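What follows is one structure encoded as structure tokens, with my remarks underneath.
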Amino acid sequence: MNNPINVAMIGLGFGAEFIPIYQALESTNVYALCRRNEDELNKSADQFGVEKRYTKYDDVLADPNVDFVHINSPINDHAWMSLKA
Numbered sequence: 105m106n107n108p109i110n111v112a113m114i115g116l117g118f119g120a121e122f123i124p125i126y127q128a129l130e131s132t133n134v135y136a137l138c139r140r141n142e143d144e145l146n147k148s149a150d151q152f153g154v155e156k157r158y159t160k161y162d163d164v165l166a167d168p169n170v171d172f173v174h175i176n177s178p179i180n181d182h183a184w185m186s187l188k189a
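This is how it looks when you write it as structure tokens:
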């Protein structure tokens, strides 16, 4: 595929399990990761080779290169994050 779609992964506890699934697809690019804890964010991003890193959800949404977000945050955050996206 010429132009894979860029996904930003939000929340990386259990959500990190989805990263290799997206990385195995030619149609997607794990473009960015977002996690509030910067140390844990950097560990995950380093492990999976993802350069774009965010600690603030609003910064992810402001990035014009993000095509969609995969929300893996705590369940009580799903609704407002989905609506905001």
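According to the working numbering, the sequence shown is numbered sequentially starting from 105. The beta-carbon is built from N, C-alpha and C at its ideal position, and this holds for glycine as well. In this text the structure is predicted, and so the values were computed from the model without any measurement.
Straight-line Cα distance separating residue j from residue i
i	j	result
ARG157	PHE122	16 Å
GLY153	PRO178	24 Å
ALA128	MET113	15 Å
GLY117	ASP162	19 Å
SER148	ALA120	7 Å
THR159	ASN146	10 Å
MET185	GLU155	23 Å
ASN141	LYS188	21 Å
Residue j beta carbon less than 8 Å from that of residue i
i	j	result
HIS182	VAL111	no
ASN180	GLY115	no
Which listed residue (the options) has its alpha carbon closest to that of residue i
i	options	result
GLU130	LEU145, ARG140, ASP171 and ASN107	ASN107
Nearest-angstrom Cβ-Cβ length linking residue i and residue j, presumed shorter than 8 Å
i	j	result
VAL109	ASP171	The sequence given here places Ile at residue 109; Val does not occur at that position. At roughly 4 Å, the Cβ-Cβ gap stays under 8 Å, so ILE109 and ASP171 are in contact.
> Would the stretch 167 to 185 and the stretch 135 to 152 be scored as touching if the rule is three or more Cβ pairs under 8 Å?
Replying inline: Taking 8 Å as the limit for Cβ pairs, the verdict is that the stretch 135 to 152 does touch the stretch 167 to 185.
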